[in-house]
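*Asks:*
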Amino acid sequence: MDVHDEARSRFLRGMWAIVDEHGPPNGQTHQVGEAAQERLLAWGAAPEDLRAFARMVAFESLFAALHFLDDPGPGEPGWALVETSGGEPTGRLLQGLYEDLGPDR
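Just so you know, my numbering puts 32 at position 31 of the sequence shown, and the rest follows in order with no gaps.
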């Protein structure tokens, strides 16, 4: 595994750790989630409540992912979100995006 592949693997593991915070890993994220949604609707959950809950989980995941970009953890390699123009890096980094991400907009 070269350095590029190792960095990709570490980054994706960090992203999956964020997903796994919201439920046990099962290898069938969509199948299990869709089945859970069907059961909840059958039990009388309002679709707008499920959407509100899903939005909250999505927000928490996005916040965690943006924070992970800035601070992957002690001893781990870091990553940077770099602005581009015409496909070329401008040299400007986007950092601290999670600080500006409010739960309501």
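Virtual Cβ for every residue (Gly too), placed ideally from N, Cα, C.
Which partner residues of L95 appear in the DSSP bridge assignment?
*Replies:* Beta-bridge pairing links L95 to L82.
*Asks:* If you reduce the DSSP assignment to three classes, tell me which class E61 lands in.
*Replies:* It is helical.
*Asks:* Using the DSSP secondary-structure output, state which residues sit across from P75 in a beta bridge.
*Replies:* Paired residues: none, contrary to the question.
*Asks:* Can R11 and P73 be called in contact, C-beta distance under 9 Å?
*Replies:* Yes, the Cβ-Cβ distance between R11 and P73 is below 9 Å.
*Asks:* Could you check the C-alpha separation between G97 and D6 for me, to the nearest Å?
*Replies:* If I take the Cα positions, the gap works out to 26 Å.
*Asks:* Kindly indicate which residue of E89, W44, L13 and I19 has the alpha-carbon position closest to the one of S62.
*Replies:* The option with the nearest alpha carbon to S62 is I19.
*Asks:* Is E84 closer than 9 Å to L94 when the C-beta atoms are compared?
*Replies:* Yes, these two residues count as a Cβ contact at 9 Å.
*Asks:* Consult DSSP for P104 and reduce its assignment to one of helix, strand or coil.
*Replies:* If DSSP states are grouped into helix, strand and coil, P104 belongs with coil.
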